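*Asks:* Residue numbers for the sequence shown follow numbering that gives the first Met the number 0, so the first one is 0 and each next one is one higher. By construction, the Cβ of each residue, glycine as well, lies at the ideal position given by its N, Cα and C atoms. Note that this is a predicted model, so its numbers are computed, not measured.
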Amino acid sequence: MPAVKQNGVLVYFAAFKNHIGVYPPITGDARLQKAIAPYAGEKGNLRFPLDKPMPYDLISRITALRVKQDAAKAESRSKKVKQRG
């Protein structure tokens, strides 16, 4: 599955017959949660229908949030390693 990575996976994609799936589930931003609600899949993923325009601005916002979350997670890991060392 194609993925965009930084310190870890930011987002990954999968193409299906009628939609493009975007993963992992998005959490941590109430305004973004509201914006992605129309695209919410059953397992927390997002489903963008192929018969509608792709919401690139929304995907950019999702990716920007994931970059922040990933950076915070990497920093937390780094601090734990320094504490052990």
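Counting along the chain, where does the beta strand (DSSP E) carrying leucine 9 start and finish?
*Replies:* 8-14 is the span of the beta strand (DSSP E), which, as asked, contains leucine 9.
*Asks:* Output needed for phenylalanine 12: all residues of its chain with C-beta closer than 8 Å, excluding positions within five of it in sequence on either side, in chain order.
*Replies:* Contacts found: Met0, Pro1, Ala2, Ile19, Gly20, Val21, Tyr22.
*Asks:* Please confirm whether any heavy atom of the ligand ATP lies closer than 7 Å to the CB of leucine 49.
*Replies:* Inclusion of the ligand ATP in the displayed structure is not the case, the ligand content being empty and no account of it being possible.
*Asks:* Only counting the same chain, and skipping five residues up and downstream in sequence, which positions put a Cβ closer than 7 Å to that of arginine 46?
*Replies:* His18, Gly20, Tyr38, Gly40, listed in sequence order.
*Asks:* For arginine 65, count the other beta carbons within 10 Å of its own beta carbon; 16 or more makes it buried, fewer makes it exposed. Which is it?
*Replies:* Buried is the call here.
*Asks:* With distances taken Cα to Cα, identify the nearest neighbour of glycine 27 among Glu74, Ala73, Ala63.
*Replies:* Among Glu74, Ala73, Ala63, the Cα nearest to that of glycine 27 belongs to Ala63.
*Asks:* Just the Cα atoms here: how many angstroms apart are alanine 52 and alanine 34?
*Replies:* Looking at the sequence itself, residue 52 is proline, so the reference to alanine does not match. About 15 Å.
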